[in-house]
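These notes are about the structure you will find just below.
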Amino acid sequence: MATPIGNLKDITQRAVEILDSVDWVAAEDTRHTRPLLQSLGINQSLISLHDHNEEYRSLQLLERLQRGESGALVSDAGTPLINDPGYHLVKLLRQHQIQVVPIPGPSAVITALCAAGLPTDRFSYEGFLPAKSVKRVQVLQGLAEDTRTLVFYESPHRVVATLADLKSVLGADRMMSVARELTKKFEQFVSGTIEEVSDYFEQHPDKVRGEFVLMLGGASEKEAVALSEWDGLIEVLLKQNLPIKQISEIVANYAGIKKKPVYSRVLELKG
Ligand code: SAM
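FYI, this note's numbering numbers position 73 of the sequence shown as 82, with every residue one higher than the one before it.
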């Protein structure tokens, strides 16, 4: 079941009732969940279920549920399984025909999207980008032509470096929004082009703290279609062993599209 991502008032009435009535609560970090339950006046038996014990703990919980007990699963914040433990447990319970009831509530991805002002009709939630820049750039290159809004979670230690990589791979002009400290006292949205948002955080190091969701407008349909139309020419130029930069320039000039996405496409096709 979902729990608050900052503001404790965001717990639902249904979540409170169930937390109080089940036989046990499996929690990502019992030290984190105990104060939440205390603030709700609930005294529950807590069982830890985290990334490092999830597989064997799930087997134990399955057994207890098969004996007729009832339980709830919570993570430190937001919705379990959304970049949080719970997948193994839910999969196992479903395999054994144990009823799993979702109790909806906050999740940073949806909370951020619904106030960012970017298109929400189609979006892709990508979780955390890789910590190392080389891998991060590769992942971003694979997403450069995606026309859906892209959503990433990011840690404050990496947010400035990630913004720099976003600018270099997706171009300075794409629209984006950064949601920081959602539902908390210092909640903030910073929106604009990638360059503007990136400049803002470089100039305001005091704001590079807390929890972050990064959202990017998708590639324009025109760009995506236009790019794939040029795959044949890119392949021919690659066979001539021309440098990637030169191929990107030739194709971008010929096709009348931006160099950055062409460069990413050439890299992708080169493999
Ligand atoms: N299960 C959670 C959910 O449903 O959103 C996500 C857990 S994940 C381990 C933690 C990441 O979620 C943070 O690093 C941050 O990127 C994002 N996040 C969680 N709470 C947030 C908040 N209040 N404001 C902004 N981002 C938040």
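Each residue gets a CB set at the ideal place from its N, CA and C atoms; glycine is no exception.
Around the beta carbon of Asp60, a 10 Å sphere encloses fewer than 16 other beta carbons of the protein chains shown; the residue is thus reported as exposed. In this structure, Met10 keeps its C-beta atom at 9 Å or more from the C-beta atom of Gly77. Scanning its chain for C-beta atoms nearer than 6 Å, with the 5 sequence neighbours on each side dropped, one finds no residue around Gln249. Counting only runs of 4+ residues, the alpha helix (DSSP H) found wholly inside the segment 91-118 occupies 96-104, in chain order. Scanning its chain for C-beta atoms nearer than 6 Å, with the 5 sequence neighbours on each side dropped, one finds around Leu101 the residues Ser67 and Leu71, in chain order. In terms of side-chain proximity, the C-beta atom of Pro115 is found nearer than 8 Å to a non-hydrogen atom of the ligand SAM. One thing to note: Pro270 has its Cβ no nearer than 9 Å to the Cβ of Leu225. If you ignore the 5 residues before and after Val143, its C-beta comes within less than 7 Å of no other C-beta in its own chain. Judged by DSSP secondary structure, Gly80 falls within the beta strand (DSSP E) whose first and last residues are Gly80 to Val83. Looking only at Ala117, His105, Gln212 and Leu138, the smallest Cα-Cα distance to Glu220 is reached by Ala117. Membership of Glu154 in any alpha helix (DSSP H) is not indicated, and neither H nor E is assigned to it by DSSP.
With respect to Gly227, Arg131 sits close: the two C-beta atoms are nearer than 9 Å. In the pairwise beta carbon analysis, the segment 41-51 is classified as not touching the segment 92-112: fewer than three pairs are separated by under 8 Å. A direct Cα-Cα distance of roughly 35 Å separates Lys216 from Leu28. Where Glu135 is concerned, there is no enclosing alpha helix (DSSP H), although the beta strand (DSSP E) around it starts and stops at Phe132 to Phe137. Nearest Cα to Asp174 within the set Lys141, Lys18 and Val199: Lys141.
Separation of Val168 and Thr42 (C-alpha to C-alpha, rounded to the nearest whole angstrom) is 27 Å. Separation of Glu238 and Lys254 (C-alpha to C-alpha, rounded to the nearest whole angstrom) is 19 Å.
From the listed residues Pro165, Ile266 and Val83, the smallest Cα separation to Val31 is found for Val83. Per the DSSP secondary-structure output, Leu225 pairs in a beta bridge with Leu159 and Met185.
Annotation for Ser200: the continuous beta strand (DSSP E) segment containing it runs Gln197 to Thr202. DSSP places Leu276 in the uninterrupted alpha helix (DSSP H) bounded by Lys268 to Lys279. Using a 10 angstroms sphere on the CB of Arg183, the tally of other CB atoms reaches 16 or more, which defines it as buried.
At a Cβ-Cβ threshold of 9 Å, Ser133 and Leu149 do not count as neighbours. DSSP places Ser54 in the coil class of the three-state scheme, outside both helix and strand. In its chain, beyond the 5 residues on either side, Val260 have a beta carbon closer than 7 Å to the beta carbon of Leu242.
In this structure, the C-beta of Ile56 stays at least 8 Å away from each heavy atom of the ligand SAM. Of the residues assessed, Lys279 falls on the exposed side of the cut-off, its CB having fewer than 16 other CB atoms within 10 angstroms. Cα atoms of Leu247 and Ile256: separation of roughly 8 Å, rounded to the nearest angstrom.
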